[in-house]
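First residue of the sequence shown: 49, per my numbering; consecutive thereafter.
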Amino acid sequence: MIRFENVTKIYPPNAPALKEIDINISQGEFVFIVGQSGAGKTTLAKMLTAEERPTKGRIIIGDWDITKIHRRDIPLLRRQIGVIFQDFKLLPKKTVFENVAFALEVCGAPMSRIKTVVPQVLKIVGLEEKNHRYPRQLSGGEQQRVAIARALVHRPKILIADEPTGDLDAITAKSIVDLLTKINEFGTTLLFVTHNRDIVNMLKKRVITVEGGAIVADKEGGKYIL
């Protein structure tokens, strides 16, 4: 499903962010990518959406080599990969429904599809009763659920969660993790980028540890020890 083959990323003038990364992730896997701030884990995630390009090496998604993806093909790639951020990135003047619908509107989806898909994903995240509220009227956990719904509208094969619980309290964070686990159980490949040791150790999934731009551990049911 996802392959990194000897991937290196060097920022000018000579700042290595990733060093000879080799990873294989199967369809439907739940994988934690962990490491301290600056370790290279977010750069690794950005490679999958072509926000960053490797200096050398190859990145394969399915049968698609995206290493030198043409700019015109990037929107198609990104419709197959949902991304959830720590800071939600919601539009404050749009309602819950409008925030989620916007992800379809920018791709030219017809209104008939928008009216069908948006209620479906809002039900998945448990916000079908709050579709007319604005972000300021929601809790942090509810805002993150809107962001998750927005990431699901294109039915992505891969979901990247980049520190999705970073600004949430422990109880709310667990509810978000439970939701992401449920989405993974539906068959979506999930990459969970985090430095939260408690969440990683609670779930006992595959853990890829990045340190200084290199993979220092890759274990099934592993633990993250700071």
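For each residue, glycine too, the CB sits at the ideal point set by N, CA and C.
Does DSSP put residue i in a helix, a strand or coil?
| i | result |
| --- | --- |
| threonine 257 | strand |
| glycine 189 | helix |
| proline 171 | Note that residue 171 is lysine in the sequence shown here, rather than proline. In the structure shown, lysine 171 sits in a helix (DSSP, three-state: H, G or I). |
| alanine 63 | strand |
| arginine 198 | helix |
| aspartate 215 | coil |
| threonine 229 | helix |
| aspartate 236 | The sequence given here places threonine at residue 236; aspartate does not occur at that position. Three-state result, threonine 236: coil. |
| phenylalanine 244 | Just to set this straight, residue 244 is asparagine in the shown sequence, not phenylalanine. Correct three-state label for asparagine 244: coil. |
| glutamate 53 | strand |
| lysine 267 | strand |
Below 7 angstroms CB to CB, which residues in the same chain sit around residue i once its five sequence neighbours on both sides are set aside?
| i | result |
| --- | --- |
| isoleucine 196 | Ile132, Val173 and Leu227 |
| arginine 198 | Asn147, Val148 and Ala151 |
| isoleucine 4 | In the structure as shown, the chain starts at 49 and stops at 274, and residue 4 therefore has no counterpart that could be examined. |
| asparagine 232 | Phe78 and Leu238 |
| proline 167 | Glu176 |
| threonine 305 | Residue 305 lies beyond the residue range present for the chain, which begins at 49 and ends at 274; the question has no answer from this structure. |
Counting only the same chain and skipping the five closest in sequence on each side, list residues whose C-beta sits under 6 angstroms from that of residue i.
| i | result |
| --- | --- |
| proline 204 | Gln128, Ile129 and Gly130 |
| lysine 178 | Val144 |
| arginine 51 | Asn72 and Ile108 |
| alanine 262 | Lys67 |
| valine 258 | Gly83, Ala87, Gly88 and Lys89 |
| cysteine 155 | none |
By Cβ distance below 8 angstroms, which residues in the same chain neighbour residue i in space, the five residues on each side in sequence not counted?
| i | result |
| --- | --- |
| glutamine 329 | Since the first residue shown for the chain is 49 and the last is 274, residue 329 is missing from the structure and cannot be characterised. |
| asparagine 54 | Glu68, Ile69, Asp70, Lys104, Gly105 and Arg106 |
| arginine 254 | Glu77, Phe78, Val79, Phe80, Asp266, Lys267, Glu268, Gly269 and Gly270 |
| asparagine 249 | Lys271 and Tyr272 |
Could you tell me how far apart the beta carbons of residue i and residue j are, in whole angstroms, since I believe they sit closer than 8 angstroms?
| i | j | result |
| --- | --- | --- |
| leucine 138 | proline 64 | Their Cβ separation, rounded to whole angstroms, is 34 angstroms, which puts leucine 138 and proline 64 out of contact at 8 angstroms. |
| glycine 105 | threonine 56 | 6 angstroms |
| valine 165 | valine 194 | The Cβ separation is near 14 angstroms, so there is no contact. |
| aspartate 210 | glutamine 134 | 6 angstroms |
With respect to 8 angstroms, is the separation between the Cβ of residue i and the closest non-hydrogen atom of the ligand NAP below this value?
| i | result |
| --- | --- |
| glycine 214 | Looking at this structure, you won't find the ligand NAP or any other ligand, since it has none at all. |
Using 8 angstroms as the cut-off, can you tell me whether the segment 237-254 makes contact with the segment 87-105, which would need three or more C-beta pairs spanning the two stretches below that distance? The segment 237-254 is in contact with the segment 87-105.
Write down every uninterrupted run of the alpha helix (DSSP H) in the segment 58-122 whose length is 4 residues or greater and which is fully enclosed by it, in chain order. Within the segment 58-122, the complete alpha helix (DSSP H) segments of 4 residues or longer fall at 89-96, listed in chain order.
What are the complete beta strand (DSSP E) segments, minimum 3 residues, inside the segment 126-160? Within the segment 126-160, the beta strand (DSSP E) runs of at least 3 residues that lie entirely inside it are, in chain order, 129-132.
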